[in-house]
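Here the protein sequences line up with chains A and B, keeping their order. The letter at position 47 of the first sequence is residue 47 when you use our numbering, and the numbering goes up by one with no holes. The letter at position 249 of the second sequence is residue 1249 when you use our numbering, and the numbering goes up by one with no holes. For reference, the structure discussed in these notes is given below.
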Amino acid sequence: MKKTLLRGGRLVDPATRADDRLDLLIVDGKVAERAPNLPADESTTVLDVAGLVVCPGFVDMHVHLREPGREDEETIESGGLAAVHGGVTAMAAMPNTSPAMDTASWVEFVRTRPCAAAVHPIAAVTVGREGKVLTEMAELAAAGAVAFSDDGSPVASGHVMRMALQYASMVGRPIIAHCEDADLARGGAMHEGLASTIAGLKPSPAAAEEVMVARDVILARATGARLHIAHVSTGGSVELVRRAKADGAAVTCETCPHYLSLTDDDVRTYDTSFKVNPPLRSARDVEALREGLADGTIDAVASDHAPHSLEEKQVEFDAAPPGAIGLETTLPVVVTHLVAPGIISLSRAVEVLSVNPAAILGVPGGTLEVGAPADVAVFDAERRWKVDEPWFRSRSRNSPFIGHVLCGRVTMTLRGGEVVFSEPEHDDPGDCEARESDARARGGLPVRV
Amino acid sequence: MSWTSKHLLGLEGVTREEIVTILDTAAKFREVLDRPVKKVPTLRGVTVVNLFFEPSTRTRMSFELAEKRLSADTLSFTAATSSAKKGETLRDTARNIEAMMVDMVVIRHSAPGAPHFLADHLDASIINAGDGAHEHPTQALLDLFTMRERMGDIEGKKVTILGDVLHSRVARSNVWGLTAMGAEVTLCGPATFIPAEIERVGVAVTTDLDAAVGDADVVNILRIQQERLDGCFIPSLREYAALFGVTRERVERMRPDVVIMHPGPINRGVELAPDVADGERSVILEQVTNGVAVRMAVIYLLSRARAAERVEGAEILAEVGL
């Protein structure tokens, strides 16, 4: 019998409405007991987490692991190291690999590769992600596909999307929609607005996303099928989802850390780390997304972790592929831009990072109730630190947050009760001297119990 | 004199004082162009590379001439296709140029931000000779120079920029330069050619040509690029000419002293009627001549700023007699 005790932490477990100073005892990989000041016998490994937040491991429902096909950018193994470095204990892998994940054997391959975090494959909606012929969804679901998506590309045909929704609901899996009307986007490199006008980059209007969100929520309502909208980035999309939910459609959605913290103005540097799809939007959109996250319209925050090689990104902005890595920075960005300013509570943050994505995908995780698998993220919610390039464990370095001072840092990750990441003692170069005074200047952070 | 930057990537953020410095310097070089020997030894030993990734005749020739008249060593490189398509990345091209110990790079590229990319990767001075729809600062500077020659002070003057503002780097650089100089700028064109939210930079926007040019001191007419016709931006050149073409009849309804400008090359009979292009209100050929003087000024000022930055700066300054 293996026993581990997390002692002295603040347990935030929204599924059981817990947000208290509680020790967590793990026995044989499962949560065995939660109580203040639990005793430890000699056979128990005690981990001191005093002053730190202990919560269910994060479930990142949108990542690109690049294997098979672009193992130079990321592998399932390196993606796993990045995941646990960011407190992520389970992630859903998008199928835009090469070849596309559209057969049971590829789903099986991705699901069973050695990885520090659980990998839940998302299979393609259509064969080759070409938007024409549905994949064998029943077989794919049986092989472990938790959802279907052609992410990276939209399902352009409304008919194909309607059929996909109906068929997927038969096999009990949601469709995850990449909402982009390619005809309206016209290959635009950034959001249409003042910043694109000044930068002279080819613009893509918010309508390119919103038209497709509108189509898909209408189809979801018409079919009764479950639809999850990936990477919502505009205020208009938030409003469409809000209305669809009010109408009773089975619609959920996610946004990404970069849409909650960066704007199209950042793109004016022509730094290709800021090139993502959908593009970074206006400050007004960022506000609307934050509101949507606070009022429950947006269910989840996912990284859309999209590794790209330096060679691919060190080119003219027009020529660079869209995408940014994010597995490792999701928590600090959410803490810095949403929790610290008081837009959402820490408990709500754990909901959108863990509880809800697990529920949407129907995968284990999202709670630390007694008996649950001990997939745990431990983080310092107050630590301010500067993101630097060598810190990342992903095989790629295309992060828009390099150089940013963020608040909140994952210090330990456990999966099935095993420590899969623990911050090295000396690994604290970014801890700012200014931390204490900054925290005071902001009136302190409503974090510690 | 107030010019300290070693790059000219755009006119956004460039101050009135800095623009005046460039224009005053250009005025001195403009005199040189009227001399029998149109050459000064100012930039002897300085190497300038003209890197043109997009076809260009007049801008490239104008830069080459400006460089030669400053006695710089120059070479020009024209690639029909973009670097990405050719196989060599812009970064590799940049590193090769670096290895050749080049002092200054003039770049024309279809990708907005390509000059910024070079500025980040090279020690050389970078001049943006047009990057996609972003900026074309030397064109705007020569436009400002020409306006100043014609009208004196630009402050308070009404300048209308007419046509395909959406795809125009000339329009953007003009907007920055003109607003810095205190002009009142109006942008006019079909609604599909007006870029999003441009009014937020402090310009007026209208689709009504007569309203836009009625009391304008200057009408700067943008070229309609034929390749925009397949994009639903305008139904036909015929309709464009009818609504926005500057004809003799329309000029007669403008101020009698209106200045008609065009960055070239002109689509005669589309955005500009031939008799107006060649008429007495047109300063189009003056713009071309002034372009050489303005580019001499820019090259000279950047070179001086770069020299001042370097360890051997003092030496070079002494050499060029400053």
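Backbone N, C-alpha and C fix where the C-beta goes; we use that ideal spot for every residue, glycine too. Keep in mind the model is a prediction, meaning the values are calculated, not measured.
In the three-state DSSP reduction, M1254 (chain B) falls in the coil class, being neither helix nor strand. By the CB criterion at 8 Å, P56 (chain A) and G365 (chain A) fall inside the cutoff.
For I1284 (chain B), the uninterrupted alpha helix (DSSP H) segment begins and ends at 1284-1309. Inter-residue distance for L38 (chain A) and L24 (chain A) is about 8 Å (C-alpha atoms, whole angstroms). Interface with chain A (8 Å Cβ-Cβ cutoff): P1190 (chain B) is excluded. Between L1237 (chain B) and I1224 (chain B), the gap from beta carbon to beta carbon is short of 8 Å.
No Cβ-Cβ contact shorter than 8 Å links V1283 (chain B) with V1246 (chain B).
Our two residues, D318 (chain A) and G79 (chain A), have alpha carbons roughly 27 Å apart in a direct line. For R186 (chain A), no beta strand (DSSP E) segment is defined, and its DSSP state is neither H nor E. The shortest CA-to-CA distance from I198 (chain A) to any of B:R1035, B:K1006, B:W1003, B:G1013 is the one to B:G1013. Inter-segment contact for the segment 93-111 of chain A and the segment 411-428 of chain A is absent: fewer than three beta-carbon pairs are separated by less than 8 Å.
Proximity of P203 (chain A) to chain B, defined by a Cβ-Cβ separation below 8 Å, is satisfied.
With a threshold of 8 Å between beta carbons, T263 (chain A) makes no contact with chain B.
Look at L219 (chain A): its C-beta is not under 8 Å from any C-beta on chain B.
Note that the segment 1284-1291 of chain B does not touch the segment 1127-1135 of chain B; fewer than 3 beta-carbon pairs, one per stretch, sit closer than 8 Å. Counting along the chain, the unbroken alpha helix (DSSP H) around W106 (chain A) starts and ends at 104-112.
For W1176 (chain B), the uninterrupted alpha helix (DSSP H) run begins and ends at 1169-1181, by DSSP. Rounded to the nearest angstrom, the gap between the Cα atoms of G29 (chain A) and D265 (chain A) is 46 Å. Taking all protein chains shown into account, R1095 (chain B) has fewer than 16 neighbouring C-beta atoms within 10 Å of its C-beta and is therefore exposed. What L194 (chain A) touches in chain B, judged by beta-carbon distance under 8 Å, is A1196, E1197, I1198, R1200, V1201, going in chain order. If you check each beta-carbon in the segment 1106-1128 of chain B against every beta-carbon of chain A, the ones closer than 8 Å belong to H1109, S1110, A1111, P1112, G1113, A1114, H1116, F1117. Ranking B:F1063, B:F1077, B:I1126 by CA distance to the CA of G1113 (chain B) puts B:I1126 first. Taking CB atoms only, T1078 (chain B) has no neighbour in chain A less than 8 Å away.
Residues of chain A whose Cβ lies closer than 9 Å to the Cβ of L1090 (chain B) are, in chain order, Q314, V315, E316, A319. In this structure the segment 159-174 of chain A does not lie against the segment 1157-1177 of chain B, because fewer than three pairs of beta carbons, one per stretch, are closer than 8 Å. A1111 (chain B) sits buried, since 16 or more C-beta atoms from the chains shown fall within 10 Å of its C-beta. Under the three-state reduction of DSSP output, K386 (chain A) falls in the strand class. In this structure, P1036 (chain B) lies away from S1071 (chain B), with their beta-carbon atoms at least 8 Å apart. The beta-carbon separation of R10 (chain A) and V54 (chain A), rounded to 7 Å, stays under the 8 Å limit for a contact. For secondary structure counted as the alpha helix (DSSP H) over 4 or more consecutive residues, the segment 345-390 of chain A holds these complete runs in sequence order: 346-350, 356-361.
The segment 262-277 of chain A makes contact with the segment 180-195 of chain A, as at least three CB pairs between them are under 8 Å. Between S422 (chain A) and K245 (chain A), the alpha-carbon positions lie close to 40 Å from each other. Judged by DSSP in its simplified three-state form, G323 (chain A) adopts coil rather than helix or strand. Close to chain A, meaning a Cβ-Cβ distance shorter than 7 Å, are the following residues of the segment 1162-1186 of chain B: R1169, R1172. For I198 (chain A), the nearest beta carbon of chain B is closer than 8 Å to its own beta carbon. Looking at the backbone, the Cα of E67 (chain A) and that of A230 (chain A) are separated by about 21 Å.
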